Amino acid sequence: MAHDISQWTNVLPTILLVFRATLKEDLQATTAEMIYGAPIRLASDFLCPSKQNTDPSTFVGRLRDSMQRLSPPTTQHHGQNTIFVSKDLTTCSHIFLRTDSKKKKGLQPPYEDPYEIVNRTEKVFRILRHGKEVSVSVDRQKPAYVSIELVDIPAG
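Numbering (the working numbering), first residue to last: 3 to 158.
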């Protein structure tokens with residue numbers, strides 16, 4: 003045996019495979035055929051012999067050309083969720099502001115108190131929050147329907 007005897011466990015699977023794949027002359031079958039009912043496939047069975055003898059430099063040149071012609075697959079853009087924006091945001095006087103904190107504590111409400119709108123553009127609203135003007139994206143807002151009696155009360 004040409005292998006290192008001290009590491010015999012490394013070659014044991016190969017030896018056992020040879021025992022199972024060797025033809026038994028008296029039975030005219032291999033051990034694997036008797037157990038599984040069909041011959042086992044060895045690693046050499048999966049490789050087809052090459053019918054053409056090509057020069058290594060020619061093979062490498064063709065391989066390089068083939069690899070350069072490959073193009074990456076088109077990617078799909080996941081996660082581009084459209085956020086619902088209410089039509090009432092264009093006319094309302096107050097908004098609820100969504101809280102975007104990473105760690106919500108217990109039963110924290112998803113939206114903060116109604117805040118008065120000072121100025122609005124298509125994408126950004128200026129609101130009066132805790133006595134200061136703050137710019138807020140439309141994506142974090144939803145219209146607040148407040149009664150007329152509550153409009154004069156400062157929010158916050």
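Every residue gets a Cβ at the ideal spot worked out from N, C-alpha and C, and that includes glycine.
Model, not experiment: these values are computed from the prediction.
Which whole-angstrom value describes the C-beta separation of residue i and residue j, a residue pair presumed to lie in contact below a C-beta threshold of 8 angstroms?
| i | j | result |
| --- | --- | --- |
| LEU99 | TYR113 | 6 angstroms |
| LYS144 | SER88 | 6 angstroms |
| PRO116 | VAL148 | 6 angstroms |
Using three-state DSSP, classify residue i as helix, strand or coil.
| i | result |
| --- | --- |
| PRO75 | coil |
| ARG131 | strand |
| SER137 | strand |
| PRO58 | helix |
| VAL13 | helix |
| ILE119 | strand |
| ILE37 | helix |
Tell me residue i's beta-bridge partners as DSSP assigns them.
| i | result |
| --- | --- |
| PRO111 | According to DSSP, PRO111 bridges with nothing at all. |
| GLU151 | Answer is none; GLU151 lacks a bridge partner. |
| LEU25 | THR32 |
| LEU99 | GLU114, GLN143 |
| ASN83 | ASN83 is not bridged to any residue. |
| VAL126 | SER139 |
Which value, in whole angstroms, describes the spacing of the CA atoms of residue i and residue j?
| i | j | result |
| --- | --- | --- |
| ILE42 | ASP28 | 19 angstroms |
| THR101 | ARG142 | 8 angstroms |
| MET3 | VAL62 | Confidence in MET3 is poor, its pLDDT being 49 and thus under 50, which makes the residue's placement unreliable; the coordinate value appears in the next sentence. Cα-Cα distance, rounded: 37 angstroms. |
| ASN121 | LEU91 | 12 angstroms |
| THR77 | VAL126 | 31 angstroms |
| LEU14 | LYS26 | 20 angstroms |
| ILE150 | GLY133 | 20 angstroms |
| THR32 | THR56 | 37 angstroms |
| ASN12 | LEU18 | 12 angstroms |
| MET69 | SER46 | 27 angstroms |
Under the rule that 16 or more other beta-carbon atoms within 10 Å means buried, what is residue i, buried or exposed?
| i | result |
| --- | --- |
| CYS94 | buried |
| PHE21 | exposed |
| ALA146 | buried |
| PRO75 | exposed |
| SER139 | exposed |
| ILE97 | buried |
| ILE37 | exposed |
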